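As structure tokens, the structure follows; a few thoughts come after it.
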Amino acid sequence: MAEQNVNAAKEGYEYYLKNFKKLNKKLKTSNKRYYLISGGEAVGLGAVSAGLKMYFGYPMTPASSALHFLASHAKKFGVFVKIPEDEISAINMAIGANYAGVRAMTGSSGGGFSLMVEALGMAGMMEVPLVVYEAQRAGPSTGLPTKTEQGDLNLVLGGASQGDFPQDRAGCQGREGRI
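Numbers 6 to 184, taken from my numbering, label the letters of the sequence shown in order.
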């Protein structure tokens, strides 16, 4: 498993060097070349390279880093970025854009993602393609708790919706199925 992770990281790094040379940030601490990129920047770059045209997000850390990155580069990337009044509006705007044929996504974390689950279930039942960037916090609080957990991950993989929502998401199923 470790070898597969190292190979995946190398392939991603090589792809980045080949396709995004203008966005590299060089650290001038030695003669070696190092590249510094945050998780939010990586999500934004990945989404743009996959054809993202609209991003709807309400500021909810740590997902805000992708929102801020995309907003600050919106004109250069040709991406429309909207900050609606709440997470419920953000996911419904993304669903509407995707329904109309525009590649759109949203992102949130923790409680913000919890607010999105009803609309997520609706998108699943309507079979509308949707990407939700779920940036997990360190634990069940607004700060770093003494004990971290995988609560967001459990919610995402455990069927974050209501009704007859298909549980197979990119090869992942709920508690009874494969993960």
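All C-beta atoms in this analysis are idealised placements derived from N, C-alpha and C, irrespective of residue type, glycine included.
Quick caveat: nothing in here was measured; it's all calculated off a predicted structure.
Could you please give me the residues that DSSP links to residue 87 through a beta bridge? Against the sequence shown, residue 87 aligns to sequence position 82. According to DSSP, residue 87 bridges with 61.
Given this structure, state the Cα-to-Cα distance separating residue 16 from residue 6, to the nearest angstrom. Here residue 16 refers to the residue found at position 11 of the sequence shown. Here residue 6 refers to the residue found at position 1 of the sequence shown. Each residue's alpha carbon lies about 15 Å from the other.
Check each candidate in 92, 76, 70 and 82 and name the one with the smallest Cα separation from residue 120. Position 115 of the sequence shown, counted from the first residue, corresponds to residue 120. Of the candidates 92, 76, 70 and 82, the one whose C-alpha sits nearest the C-alpha of residue 120 is 92.
Under 7 Å Cβ to Cβ from residue 89, same chain only, skipping five residues before and after it: list those, please. Here residue 89 refers to the residue found at position 84 when the sequence shown is read from its first residue. 61, 63, 95 and 98, listed in sequence order.
Cβ contact (3+ pairs, closer than 8 Å) linking the stretch 121-134 and the stretch 42-50: no
For a minimum of 4 consecutive residues, which ranges assigned as the alpha helix (DSSP H) are wholly contained in the stretch 112-137? 115-131
When the Cα atoms are used, what is the spatial distance from residue 160 to residue 117? Taking the sequence shown and counting its residues from 1, the one referred to as residue 160 is at position 155. Taking the sequence shown and counting its residues from 1, the one referred to as residue 117 is at position 112. So the alpha carbons of these two residues sit roughly 12 Å apart.
Where does residue 109 sit, in a helix, a strand or coil, going by DSSP? Residue numbering aside, residue 109 sits at position 104 when the sequence shown is read from its first letter. Of the three classes helix, strand and coil, the one that applies to residue 109 here is strand, per DSSP.
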